[in-house]
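A.B. asks:
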Amino acid sequence: MRTIRRSKKYDDLVSRLAEKPVNDQQKIFPTYKALMCFAACLGYDAGEEGDVSDPIDFVDSRVIERDADCMDLIYLIALAKSRDANILKDGSESETQLASAFERFSEGGLGVLQKWMNETPSDAYGHEAIIVAMQKYGYLPAPNAKASQEEPTF
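The numbering of the sequence shown is our numbering, which starts it at 61 and goes up by one.
#1: Have a look at Leu95 and Ala106 and give me their C-alpha separation to the nearest angstrom.
#2: Can you name the start and end residues of the beta strand (DSSP E) that Asp129 belongs to?
#3: Pop quiz: Tyr139 and Met61 are said to be a contact at Cβ under 8 Å. What is the actual Cβ separation, rounded to whole angstroms?
#4: What residue ranges within the stretch 75-125 form continuous alpha helix (DSSP H) runs of no fewer than 4 residues, ordered along the chain?
#5: Is it the case that the stretch 80-90 contacts the stretch 140-150, given that we only count it when at least three CB pairs across the two stretches are under 8 Å?
#6: How would you write the range of the alpha helix (DSSP H) that Arg164 sits in, first residue to last?
#7: In angstroms with no decimal places, state the Cα-to-Cα distance between Arg76 and Tyr185.
The structure is reproduced here in structure tokens:
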């Protein structure tokens with residue numbers, strides 16, 4: 061697979077989420093790859109695709125290819141977007157389409173994350189902004205929401 065690209069316009073956000081430890085403990089996302097995967101899922105779910113435009117930065121494809129879960133996610137996103145199983149065939153054209161779909165949704169997801177950060181500007185690290193937004197937009201239950209105790213019906 062070719063190298064995965066991302067726009068440098070999100071460098072500050074990427075640094076904040078994947079480089080800067082929260083309270084000198086650990087980073088929100090342990091790697092750029094983990095952040096890109098989260099962003100791609102978020103972008104896909106939100107229907108946000110971004111353009112990867114100059115200037116760009118790169119995530120080495122070898123790092124991604126060695127991670128089966130990341131590759132599965134790339135295949136899943138590209139397949140869900142294209143709705144065509146031919147995208148999974150071997151070949152450079154398919155690899156380009158796979159990488160491109162992942163890049164566009166990652167870029168869109170980074171845009172969503174940036175909006176979330178802007179909604180909670182007092183959060184220096186970004187972890188609270190992500191949790192608040194995930195609750196606000198229905199990705200996580202609200203803090204006082206009780207879990208449903210209903211029995212499943214079959």
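Heads up, the beta-carbon is just placed ideally off N, CA and C, and yes, glycines get one too.
As the structure is a prediction and not an experimental result, all values here were calculated from the model.
C.D. replies: Quick answer:
#1: Indexing the sequence shown from 1 puts residue 95 at position 35. Indexing the sequence shown from 1 puts residue 106 at position 46. Each residue's alpha carbon lies about 16 Å from the other.
#2: Position 69 of the sequence shown, counting from 1, holds the residue named residue 129. Per DSSP, Asp129 lies in no beta strand (DSSP E) segment; the continuous alpha helix (DSSP H) that holds it begins and ends at 128-142.
#3: The count along the sequence shown starts at 1 and reaches residue 139 at position 79. The count along the sequence shown starts at 1 and reaches residue 61 at position 1. The residue you asked about is not Tyr; residue 139 is Leu in the sequence shown. Their Cβ separation, rounded to whole angstroms, is 15 Å, which puts Leu139 and Met61 out of contact at 8 Å.
#4: 92-106, 121-125
#5: No contact exists between the stretch 140-150 and the stretch 80-90.
#6: One-based indexing of the sequence shown puts residue 164 at position 104. Where Arg164 is concerned, the enclosing alpha helix (DSSP H) stretches over 152-179.
#7: Along the sequence shown, one-based indexing puts residue 76 at 16. Along the sequence shown, one-based indexing puts residue 185 at 125. Taken atom to atom, the span from the alpha-carbon of Arg76 to that of Tyr185 is near 6 Å.
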